[in-house]
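Just so you know, we're using our numbering here: the sequence shown kicks off at 10 and counts up by one.
Notes follow the structure.
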Amino acid sequence: MAKKQQARRSKTAPSPENGEQAMIEGILEGSPDAVGVAVIRLDCGCRKMAAVSLSGEPASKVIMYRDNAQSICDQCKDDQGNFRRVVKQFISWKTPEPDQPTMAMILAKVLGS
Ligand SMILES: [Zn+2]
């Protein structure tokens with residue numbers, strides 16, 4: 010948790026954490042149409058992720074997971090990661106990234122405004 014500052018790769022998007030990065034790569038591998046992966050962090054520590062296509066549509070099913078755990082927490086099992094518990098959400102783009110207007114359109118469509 011403490012080494013995040015130095016590992017920053019982009020000044021516009023938050024860097025995924027190590028566990029997230031592994032998941033993102035796995036999701037991208039299984040989703041040839043994806044241009045990125047939406048990452049949603051919940052207040053309980055669980056994560057929700059889904060690949061997104063160039064048109065801002067889902068390109069995979071939504072995956073929920075919890076770092077270093079066999080399964081998501083009981084609260085998430087209960088509410089499927091209700092949006093009210095979201096603490097951070099962003100898209101981790103596949104390289105090469107789409108152009109700025111496309112990224113903005115996808116962000117608005119996927120994460121809302
Ligand atoms: Zn949870």
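For each residue, glycine too, the CB sits at the ideal point set by N, CA and C.
Inter-residue spacing [alpha-carbon to alpha-carbon] between residue i and residue j
i, j, result
"D76", "I36", "16 Å"
"G65", "I100", "11 Å"
"I72", "Q84", "16 Å"
"A68", "A47", "10 Å"
"D52", "F92", "10 Å"
"I33", "P105", "15 Å"
"S19", "D42", "With a pLDDT of 46 at S19, under the threshold of 50, the modelled position of that residue is not reliable, and the figure given next carries that caveat. About 23 Å."
"A31", "A78", "15 Å"
"M114", "K86", "31 Å"
"A60", "S40", "7 Å"
"A16", "Q89", "The predicted position of A16 is uncertain, since its pLDDT is 47 and thus under 50; a value taken from the coordinates is nonetheless stated next. Their Cα atoms are separated by approximately 31 Å."
Contact check, residue i vs residue j, beta carbons under 8 Å
i, j, result
"V44", "P110", "no"
Residue i versus the options, residue with shortest Cα-Cα distance
i, options, result
"S24", "C53, Q98 and S62", "Q98"
"K118", "K57, S62 and G39", "S62"
Residue i: CB within 7 Å of a non-hydrogen atom of ligand 1
i, result
"R93", "no"
"I100", "no"
"Q84", "yes"
"R50", "no"
"G54", "yes"
"I81", "yes"
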